[in-house]
Amino acid sequence: MPEQLTPRQILDRLVAFPTVSRGSNLDLVDWVESYLASWGVAAHRVYNETGDKAALYASAGPAVEGGVILSGHSDVVPVDGQDWSSDPWTVTERDGRLYGRGTCDMKGFVALALAAVPLAVQRGVKRPLQFALSYDEELGCTGAPPMIAEMARTLPRASAAVIGEPSRMKLVNGHKGGTGFWVHVKGFEVHSSLLPEGVSAIMEAARLIQWMNDRNDENRAKPVTEIAGLFRPPFTTLHSGQISGGTAHNITAADCRFVMEFRVVPGESVEDWAARFEAECTRVEAAMKAVRPEAAVLLDRIFVVPALTPETNGAAEALVRRLTGDNGTMVVSYGTEAGQFQAEGYSAVVCGPGDIAQAHQPDEYLEVSEFEAGWRFMQALVEDLAQ
Numbered sequence: 001m002p003e004q005l006t007p008r009q010i011l012d013r014l015v016a017f018p019t020v021s022r023g024s025n026l027d028l029v030d031w032v033e034s035y036l037a038s039w040g041v042a043a044h045r046v047y048n049e050t051g052d053k054a055a056l057y058a059s060a061g062p063a064v065e066g067g068v069i070l071s072g073h074s075d076v077v078p079v080d081g082q083d084w085s086s087d088p089w090t091v092t093e094r095d096g097r098l099y100g101r102g103t104c105d106m107k108g109f110v111a112l113a114l115a116a117v118p119l120a121v122q123r124g125v126k127r128p129l130q131f132a133l134s135y136d137e138e139l140g141c142t143g144a145p146p147m148i149a150e151m152a153r154t155l156p157r158a159s160a161a162v163i164g165e166p167s168r169m170k171l172v173n174g175h176k177g178g179t180g181f182w183v184h185v186k187g188f189e190v191h192s193s194l195l196p197e198g199v200s201a202i203m204e205a206a207r208l209i210q211w212m213n214d215r216n217d218e219n220r221a222k223p224v225t226e227i228a229g230l231f232r233p234p235f236t237t238l239h240s241g242q243i244s245g246g247t248a249h250n251i252t253a254a255d256c257r258f259v260m261e262f263r264v265v266p267g268e269s270v271e272d273w274a275a276r277f278e279a280e281c282t283r284v285e286a287a288m289k290a291v292r293p294e295a296a297v298l299l300d301r302i303f304v305v306p307a308l309t310p311e312t313n314g315a316a317e318a319l320v321r322r323l324t325g326d327n328g329t330m331v332v333s334y335g336t337e338a339g340q341f342q343a344e345g346y347s348a349v350v351c352g353p354g355d356i357a358q359a360h361q362p363d364e365y366l367e368v369s370e371f372e373a374g375w376r377f378m379q380a381l382v383e384d385l386a387q
């Protein structure tokens with residue numbers, strides 16, 4: 001018999017891999033694949049373009065429809081510059097909490113899902129337990145879509161996908177969608193006394209940022225739809241959190257770079273909002289080029305995350321309610337890979353151990369009680385799949 005690791009033992013192994021998004025996750029993927037293989041479960045990889053990262057998926061049980069996907073991500077945010085009380089790459093238990101980078105977001109859930117695989121094999125489930133592990137979630141959920149598409153093509157269709165982002169084991173059945181751009185405004189330098197003969201990249205970038213402010217004002221003033229009213233705030237928001245540019249106070253800026261993001265309520269289109277911003281960039285660029293043809297507005301799309309829309313009679317919601325007894329309704333304003341599963345035709349919800357307030361923090365932790373609640377959920381899920 002292969003070694004049957006406890007959820008805590010698996011969590012210890014996972015946290016020890018420093019899978020910060022800027023680096024490779026292949027060491028962790030190697031270990032997960034080997035662990036699954038020891039239980040006779042074949043895993044499949046979906047690599048990124050450079051081959052230094054991979055998503056992984058697997059299915060334990062019969063090749064029939066109606067199974068359940070447990071989905072998590074392998075990457076974590078950096079610890080650089082954070083003041084930790086213990087080694088972030090070693091799980092440290094104190095005061096009823098499990099400290100370590102990723103314990104909450106979201107290696108705790110991944111450990112529980114992996115620990116459930118031997119249970120599914122031993123119990124002889126009648127519907128499969130499918131496991132999905134992505135990369136680069138922290139960079140905008142960019143690693144999951146190719147994996148999800150391949151799962152849809154190659155595996156029997158699951159009836160539900162549970163994405164284990166930290167929700168204190170409460171059901172989350174909706175979240176905002178999102179997208180973002182790196183914006184590079186290219187101006188033309190002249191002495192500021194000759195302002196009309198040049199193009200200030202900073203001042204033109206300000207037009208685009210003011211456009212964002214105006215849209216926020218409009219959105220705030222619009223009547224709130226029923227679904228938007230579930231969210232805080234109850235409207236789509238546009239935001240810029242980083243900006244840089246310019247050479248000196250008396251030179252029109254040759255360059256200005258800023259990042260902007262949308263958080264889009266369900267019922268509105270992420271792509272429509274992106275198209276509106278692109279159209280405004282085109283308008284501003286045309287006026288710049290009328291002064292200096294060299295001027296430009298360059299856009300680099302960072303991420304696209306579909307909204308998770310609450311489903312009517314959704315199978316995933318019914319499953320989680322049945323297993324947890326949670327009859328509440330909760331939506332969140334951040335994005336997850338649940339929207340990407342839903343966009344591929346899966347019924348999807350978010351439910352996982354931990355509090356999102358602990359994600360990305362120094363001394364990130366997962367409460368032991370939450371971890372134990374997650375394990376009870378996994379045991380109940382396997383029993384449900386065996387019926």
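Using full-length UniProt numbering, count along the sequence shown one by one with no gaps and you end on 387.
Where a beta carbon is used, it is the ideal one built from N, C-alpha and C, also for glycine.
Note that this is a predicted model, so its numbers are computed, not measured.
Rounded to the nearest angstrom, how far is the Cβ of residue i from that of residue j, given a contact under 8 Å?
| i | j | result |
| --- | --- | --- |
| Ile163 | Glu278 | Incorrect: roughly 29 Å between the Cβ atoms, too far for contact. |
| Leu133 | Val46 | Their Cβ separation, rounded to whole angstroms, is 10 Å, which puts Leu133 and Val46 out of contact at 8 Å. |
| Gly187 | Val305 | Wrong, their Cβ atoms sit about 32 Å apart, outside the cutoff. |
| Glu370 | Asn173 | Wrong, their Cβ atoms sit about 20 Å apart, outside the cutoff. |
| Val117 | Ser74 | That belief does not hold up - the Cβ atoms of Val117 and Ser74 are roughly 16 Å apart, past 8 Å. |
| Thr103 | Tyr365 | 6 Å |
| Ala343 | Gly124 | Incorrect: roughly 33 Å between the Cβ atoms, too far for contact. |
From the options, pick the residue whose C-alpha is nearest to that of residue i; which is it?
| i | options | result |
| --- | --- | --- |
| Asp363 | Val77, Cys256, His239 | Val77 |
| Gly143 | Gly374, Phe303, Met330 | Phe303 |
| Arg263 | Thr19, Gly140, Pro18 | Gly140 |
| Thr154 | Gly241, Pro234, Val64, Ser38 | Val64 |
| Arg49 | Leu366, Asp30, Ile69, Ser24 | In the sequence as presented, Arg is not what sits at residue 49; that position holds Glu. It is Ser24. |
| Trp39 | Leu26, Val121, Arg276, Arg301 | Val121 |
| Cys351 | Gln361, Tyr365, Val320 | Val320 |
| Gly374 | Gln361, Tyr365, Gly354 | Gly354 |
| Glu311 | Lys289, Phe341, Asp300 | Phe341 |
| residue 425 | Leu238, Ala228, Val270, Ala205 | The question about residue 425 has no answer here: the residues shown for the chain are numbered 1 through 387. |
| Arg62 | Phe181, Leu70, Val41, Gly81 | Checking the sequence shown, residue 62 turns out to be Pro, not Arg. It is Val41. |
| Lys126 | Gly66, Phe235, Pro18, Trp84 | Gly66 |
Classify residue i as buried or exposed, calling it buried when 16 or more other Cβ atoms lie within 10 Å of its own Cβ.
| i | result |
| --- | --- |
| Thr6 | exposed |
| Pro166 | buried |
| Pro293 | exposed |
| Gln210 | exposed |
| Met169 | buried |
| Pro2 | exposed |
| Ser21 | buried |
| Asp136 | buried |
| Asn313 | exposed |
| Pro223 | exposed |
| Leu171 | buried |
| Thr247 | exposed |
| Arg157 | exposed |
| Ser86 | exposed |
| Thr329 | exposed |
| Thr90 | exposed |
| Glu218 | exposed |
| Gly335 | buried |
When DSSP builds the beta bridges, which residues end up paired with residue i?
| i | result |
| --- | --- |
| Val259 | Trp182, Gln242 |
| Ser193 | Looking at the DSSP assignment, Ser193 forms no beta bridge with any residue, so it has no partner. |
| Thr236 | Per DSSP, none; premise fails for Thr236. |
| Phe188 | Val199 |
| Glu93 | Leu98 |
| His360 | DSSP lists no partner for His360. |
| residue 403 | Any property of residue 403 remains undetermined from this structure, which presents the chain solely from 1 to 387. |
| Arg301 | Phe181 |
| Glu367 | Arg97 |
| Tyr35 | Answer is none; Tyr35 lacks a bridge partner. |
| Ala60 | Leu129 |
| Arg45 | Leu56 |
Excluding the 5 residues preceding and the 5 following residue i in the sequence, name in chain order all residues of the same chain whose CB lies nearer than 6 Å to its CB.
| i | result |
| --- | --- |
| Ala43 | Glu33, Leu36, Leu56, Ala58 |
| Glu280 | Trp211 |
| Ala274 | Thr179 |
By Cβ distance, which residues of its chain are closer than 7 Å to residue i, with the 5 residues on each side in sequence left out?
| i | result |
| --- | --- |
| Ser192 | Asn250, Ile251, Thr252 |
| Gly72 | Met106, Phe109, Val110, Ala113, Leu133, Gly164 |
| Arg207 | Val284 |
| Met147 | Val46, Ala55, Tyr57, Ala132, Ser134 |
| His240 | Residue 240 is actually Ser in this sequence, not His. Taken in chain order, the residues that qualify are Ile209, Met212, Phe258, Val259, Met260. |
| Phe231 | Lys176, Val265, Val331, Ser333 |
| Val190 | Glu197, Gly198, Thr252 |
| Ala359 | Cys104, Asp105, Pro166 |
| Ile202 | Gly245, Gly246, Ala253, Cys256 |
Keeping to the same chain, check which residues put their C-beta closer than 8 Å to that of residue i; ignore five residues upstream and five downstream.
| i | result |
| --- | --- |
| Leu119 | Met378, Gln379, Val382 |
| Leu323 | Phe377, Ala380, Leu381, Asp384 |
| Glu93 | Tyr99, Val368 |
| Glu150 | His44, Val46, Tyr57 |
Return yes when at least one heavy atom of the ligand ATP lies under 7 Å from the C-beta of residue i, else no.
| i | result |
| --- | --- |
| Glu285 | The ligand ATP is not among the ligands present in this structure, which contains no ligands whatsoever. |
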